[in-house]
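Novice: The structure is given below, and queries will be raised subsequently.
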């Protein structure tokens with residue numbers, strides 16, 4: 473088992489990475505001194521598979537857990553599901569010292585984290601991410617939230633978990649497409665912060681694709697280390713935390729205009745990162761070799777790297793980019809790379825250039 | 473104008489107390505460097521009276537404010553009203569640097585504060601309380617929240633405002649019953665922390681009841697000073713902040729079992745404080761003279777001090793006390809007084825004693 477610490481003063485917390493960790497959840501929670509009652513929040517699918525072992529592990533350590541299940545899918549990241557969860561927490565008499573276990577992928581972590589952030593003005597929570605994307609990204613850093621009709625993640629809170637437990641065994645059963653989408657965030661960490669890790673990914677991609685546990689352990693732990701360091705420096709995204717959004721300006725817009733159906737998040741940001749690499753060639757000095765390596769790695773991971781659009785779709789893409797939370801005074805801001813392992817944030821990019829890179833084959 | 477500072481490090485903020493302050497709201501917000509766009513959240517009644525002067529004051533200082541109004545009353549402190557507010561904030565394109573102005577009484581402050589705490593994972597907000605209760609209590613300290621069917625304030629967040637602006641002129645039009653209910657919290661500050669202030673209240677009650685602005689200024693400012701000091705010591709109520717709940721254990725239960733209709737909050741806690749004073753005589757050494765002075769001051773303020781109940785109502789009262797957020801392991805915890813100006817929190821009280829003091833005429 474590897475242990476990564478998210479350094480946030482007295483709110484610091486560990487990320488545990490390894491196989492067979494769910495069985496240790498109870499002991500770890502007891503070590504943290506959490507209250508006896510807890511609620512395990514999961515979607516129906518994940519609950520069917522993991523709610524029992526999770527509840528057993530908690531019970532063995534003296535905790536009393538109730539399972540709250542909801543319909544799988546992004547549409548459950550809503551105020552309605554939040555309200556249902558509150559009602560169940562109240563029905564099960566959760567108190568201020570009680571806690572929530574977010575068991576599942578990104579939707580569950582965001583939803584359950586927001587519920588924990590706001591029930592009784594905030595109770596503790598623990599993340600047990602069961603997808604690659606959630607293990608390397610959404611479960612770490614304390615961003616929680618749900619969607620409004622007007623946009624994704626428009627409502628939320630910063631609420632740090634007390635523990636993130638990444639059981640690598642849960643990745644074995646992940647659908648292939650979802651696994652590959654998770655790799656898009658892993659590759660991102662190489663680009664934004666660690667050229668050696670990027671090179672290691674180039675070399676170890678076959679092992680990762682066959683889900684070799686040793687390779688996965690390194691990929692997940694290193695990704696978490698990088699995210700933990702960035703979050704520790706800038707918890708509320710007033711500065712450097714923005715670099716985690718490399719590829720996300722275009723990526724989020726792609727998801728938005730396709731109604732969050734056509735592309736998985738990881739697929740959309742793969743396209744976004746390749747486009748950002750092209751913009752980086754033009755604006756921040758990224759060399760042609762690095763740009764090619766970036767594109768090639770996403771392609772080898774089986775991820776989309778280009779976007780075919782009609783003129784109307786392109787217009788909608790730009791409109792969506794302007795609605796992004798990070799827009800400042802109407803200017804679209806990008807994170808761009810100087811080289812693999814080093815990026816710069818807050819770069820204004822002329823619309824014309826964005827069109828150019830999206831037009832390139 | 474008097475200025476009280478809530479000492480919370482880099483989140484410290486001023487409470488301004490005085491007449492004719494609404495006209496200065498814009499200048500004060502500009503001094504804080506808040507973003508251009510804002511939303512003024514108020515109930516229909518308060519909006520009719522004050523939305524225009526507030527919007528004008530903001531506009532004169534260069535801000536662009538939209539008014540979001542909701543139906544008056546405790547029933548609007550709901551997730552439904554919160555969702556409506558979010559939709560309107562999104563429709564008006566509020567950004568991360570935008571802010572919310574909570575204009576009104578306790579319901580508005582709690583609701584609008586929670587909306588601000590969670591929209592875009594938290595935007596800034598300013599409190600403009602227009603009732604005595606809100607000026608001396610709910611607008612200060614950062615507790616925000618809404619009700620569930622299962623109970624009051626079960627959902628919420630700690631989110632400190634950037635400024636609290638108590639315009640004493642707004643108290644002139646307050647209905648008599650509501651004004652007197654606000655005095656119950658003012659008197660509480662004397663009991664929990666300042667015997668001299670209590671004596672001043674005994675002396676100045678006639679001036680306060682005729683709403684003399686000079687007396688009001690002292691009462692509001694001193695109440696805010698005490699609350700600010702307590703909140704500064706214990707923002708998240710892990711310890712001393714509990715003393716603010718003097719009289720609230722029984723008071724909250726009285727409100728709950730009467731469906732929040734029969735008694736105003738201030739009336740319920742007047743009864744609760746008189747009962748707590750009786751318990752204090754039995755358990756924490758409060759002298760008979762002090763207990764009599766406490767009861768007499770609430771009576772002179774025109775507030776209820778006893779509760780006539782059937783046996784069934786009494787049972788429901790106890791059930792409600794056990795549901796309180798502050799219950800620990802089923803034990804009902806009280807704040808009790810040693811003398812006027814000094815209290816102790818976390819005192820376990822046997823049920824029998826509670827019955828006794830409630831039975832006494």
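Chains as they are written, first to last, in this note's numbering: chain A, 473 to 833; chain B, 473 to 833.
The C-beta atom is built at its ideal place from N, Cα and C for all residues, glycine as well.
Could you give the distance in angstroms between the alpha-carbon of residue 773(A) and the alpha-carbon of residue 573(B)?
Specialist: For the purposes of this step, residue 773(A) is taken as residue 301 along the first chain, with counting starting at 1. For the purposes of this step, residue 573(B) is taken as residue 101 along the second chain, with counting starting at 1. Taking the straight line from one Cα to the other gives about 49 Å.
Novice: Given a limit of 7 Å on CB to CB distance, which residues of the segment 595-607 of chain B reach chain A?
Specialist: none
Novice: Can you grab the Cα-Cα spacing for the pair residue 538(B) / residue 527(B), in whole Å?
Specialist: Along the second chain, one-based indexing puts residue 538(B) at 66. Along the second chain, one-based indexing puts residue 527(B) at 55. Roughly 8 Å between the two C-alpha positions.
Novice: Residue 805(B) and residue 818(B): beta carbons closer than 7 Å?
Specialist: For the purposes of this step, residue 805(B) is taken as the residue at position 333 of the second chain. For the purposes of this step, residue 818(B) is taken as the residue at position 346 of the second chain. In this structure, residue 818(B) lies closer than 7 Å to residue 805(B) by Cβ.
Novice: Taking one C-beta from the segment 683-695 of chain B and one from the segment 775-782 of chain B each time, how about it: are there three or more such pairs within less than 8 Å?
Specialist: Contact annotation: the segment 683-695 of chain B does not touch the segment 775-782 of chain B, with fewer than three C-beta pairs closer than 8 Å.
Novice: How big is the Cα-Cα spacing for residue 554(B) and residue 587(B)?
Specialist: Position 82 of the second chain, counted from the first residue, corresponds to residue 554(B). Position 115 of the second chain, counted from the first residue, corresponds to residue 587(B). Cα to Cα, the separation comes out at about 6 Å.
Novice: Check whether the segment 596-608 of chain A touches the segment 556-574 of chain B, taking contact to mean three or more Cβ pairs, one atom from each stretch, closer than 8 Å.
Specialist: Three or more Cβ pairs closer than 8 Å define a contact, and the segment 596-608 of chain A falls short of that threshold against the segment 556-574 of chain B.
Novice: State yes or no: is the C-beta of residue 698(B) within less than 7 Å of the C-beta of residue 723(B)?
Specialist: The residue labelled residue 698(B) in the question sits at position 226 within the second chain. The residue labelled residue 723(B) in the question sits at position 251 within the second chain. No, they are not a contact pair.
Novice: Rounded to whole angstroms, what's the CA-CA distance from residue 658(B) to residue 668(B)? Just pull it up for me.
Specialist: Taking the first residue of the second chain as position 1, residue 658(B) is located at position 186. Taking the first residue of the second chain as position 1, residue 668(B) is located at position 196. Their Cα atoms are separated by approximately 13 Å.
Novice: Quick test of the definition: if touching needs 3 or more C-beta pairs under 8 Å, does the segment 637-655 of chain A touch the segment 720-740 of chain A?
Specialist: The segment 637-655 of chain A makes contact with the segment 720-740 of chain A, as at least three CB pairs between them are under 8 Å.
Novice: Spell out the partners DSSP gives residue 515(A) in its beta bridges.
Specialist: Here the question's residue 515(A) lines up with position 43 in the first chain. According to DSSP, residue 515(A) bridges with 542(A).
Novice: Mind checking the segment 625-639 of chain B against chain A and listing, in chain order, the residues whose C-beta falls within less than 7 Å of any C-beta there?
Specialist: The residues in question are 626, 627, 628, 629, 630.
Novice: By the 7 Å beta-carbon criterion, what residues does the segment 476-488 of chain B contribute toward chain A?
Specialist: none
Novice: So, do the segment 514-522 of chain B and the segment 604-613 of chain B have three or more beta carbon pairs nearer to each other than 8 Å?
Specialist: no
Novice: Do you know offhand how far residue 685(B)'s Cα is from residue 497(B)'s?
Specialist: As a position in the second chain, residue 685(B) is number 213, starting the count at 1. As a position in the second chain, residue 497(B) is number 25, starting the count at 1. Their Cα atoms are separated by approximately 20 Å.
Novice: When the distance is taken between beta carbons, is residue 792(A) closer than 7 Å to residue 725(A)?
Specialist: For this step, residue 725(A) is matched to residue 253 along the first chain. For this step, residue 792(A) is matched to residue 320 along the first chain. Contact: yes.
Novice: Find the residues of chain A that neighbour residue 623(B), judging by a C-beta separation of less than 9 Å, and give them in chain order.
Specialist: For the purposes of this step, residue 623(B) is taken as the residue at position 151 of the second chain. By Cβ distance, chain A contributes 562.
Novice: Over the uninterrupted alpha helix (DSSP H) stretch that includes residue 816(B), give me the two end residues.
Specialist: As a working mapping, residue 816(B) is identified with position 344 in the second chain. Taken as a continuous stretch (DSSP letters only), residue 816(B) belongs to no alpha helix (DSSP H), being part of the beta strand (DSSP E) at 814-820.
Novice: I need the straight-line Cα distance from residue 480(A) to residue 633(A), nearest angstrom please.
Specialist: Locating residue 480(A) in the first chain gives position 8, counting from the first residue. Locating residue 633(A) in the first chain gives position 161, counting from the first residue. Counting only the Cα atoms, residue 633(A) lies some 11 Å from residue 480(A).
Novice: Hey, is residue 742(B)'s beta-carbon within less than 7 Å of any beta-carbon in chain A?
Specialist: As a working mapping, residue 742(B) is identified with position 270 in the second chain. Chain A has no Cβ within less than 7 Å of the Cβ of residue 742(B).
Novice: Which term fits residue 482(B), buried or exposed, when burial requires 16 or more other beta carbons within 10 angstroms of its beta carbon?
Specialist: As a first step, residue 482(B) must be located in the second chain, where it is residue number 10. Result: exposed.
Novice: Enumerated in chain order, which unbroken segments of the alpha helix (DSSP H) with a length of 4 residues or greater are wholly contained in the segment 600-675 of chain A?
Specialist: Counting whole runs of 4 or more residues, the segment 600-675 of chain A contains the alpha helix (DSSP H) stretches 648-665.
Novice: Cutting at 6 Å between CB atoms, please list the residues of its own chain near residue 661(A), excluding the five before and the five after it.
Specialist: Reading the first chain from its first residue, position 189 is the one you call residue 661(A). 695, 698, listed in sequence order.
Novice: Counting contacts by CB-CB distance shorter than 7 Å, is residue 643(B) in contact with chain A?
Specialist: Taking the first residue of the second chain as position 1, residue 643(B) is located at position 171. Judged by the 7 Å Cβ criterion, residue 643(B) is not in contact with chain A.
Novice: Could you name the residues of chain A that residue 656(B) contacts, counting a contact when the two beta carbons are closer than 8 Å?
Specialist: Mapped onto the second chain, residue 656(B) falls at position 184. Chain A residues near residue 656(B): none, gap ~23 Å exceeds 8 Å.
Novice: With DSSP collapsed to three states, give me the class of residue 683(B).
Specialist: Stepping through the second chain from its first residue, residue 683(B) is reached at position 211. If DSSP states are grouped into helix, strand and coil, residue 683(B) belongs with coil.
Novice: Just to confirm the assignment, what range does the alpha helix (DSSP H) spanning residue 552(B) have?
Specialist: Taking the second chain and counting its residues from 1, the one referred to as residue 552(B) is at position 80. Bounds of the alpha helix (DSSP H) holding residue 552(B) are 551-563.
Novice: Check whether the Cβ atoms of residue 597(A) and residue 630(A) sit closer than 7 Å, and answer yes or no.
Specialist: Along the first chain, read from residue 1 onward, the residue named residue 597(A) stands at position 125. Along the first chain, read from residue 1 onward, the residue named residue 630(A) stands at position 158. Between residue 597(A) and residue 630(A), the CB-CB gap reaches or exceeds 7 Å.
Novice: Assuming residue 736(B) contacts residue 490(B) (C-beta within less than 8 Å), just tell me the rounded distance between them.
Specialist: Indexing the second chain from 1 puts residue 736(B) at position 264. Indexing the second chain from 1 puts residue 490(B) at position 18. Not confirmed; about 26 Å, so no contact.
Novice: When we look at the beta-carbon of residue 548(A) and count the other beta-carbons within 10 Å, is it buried (16 or more) or exposed?
Specialist: Here residue 548(A) refers to the residue found at position 76 when the first chain is read from its first residue. Flag for residue 548(A) reads buried.
Novice: Shorter than 7 Å from the beta carbon of residue 620(B) to some beta carbon of chain A?
Specialist: On the second chain, residue 620(B) is found 148 positions in, with the first residue counted as 1. Output row for residue 620(B): interface = yes.
Novice: Just the C-alpha distance for residue 504(B) and residue 485(B), rounded to the nearest angstrom, thanks.
Specialist: For this step, residue 504(B) is matched to residue 32 along the second chain. For this step, residue 485(B) is matched to residue 13 along the second chain. Spanning the two alpha carbons is a distance of roughly 10 Å.
Novice: Check whether the Cβ of residue 593(B) lies closer than 7 Å to any Cβ atom in chain A.
Specialist: Along the second chain, read from residue 1 onward, the residue named residue 593(B) stands at position 121. Yes, because at least one Cβ of chain A sits closer than 7 Å to the Cβ of residue 593(B).
Novice: So residue 558(A) contacts chain B; which residues on that side make the cut at Cβ distance below 9 Å?
Specialist: The count along the first chain starts at 1 and reaches residue 558(A) at position 86. Within chain B, the residues near residue 558(A) are 551, 620, 622, 626, 627.
Novice: Let me make sure I understand the geometry here. Which of 625(B), 759(B), 487(B) has the alpha-carbon closest to that of residue 559(A)?
Specialist: As a first step, residue 559(A) is located in the first chain; it is residue number 87 there, counting from the start. Measuring from the Cα of residue 559(A), the nearest candidate turns out to be 625(B).
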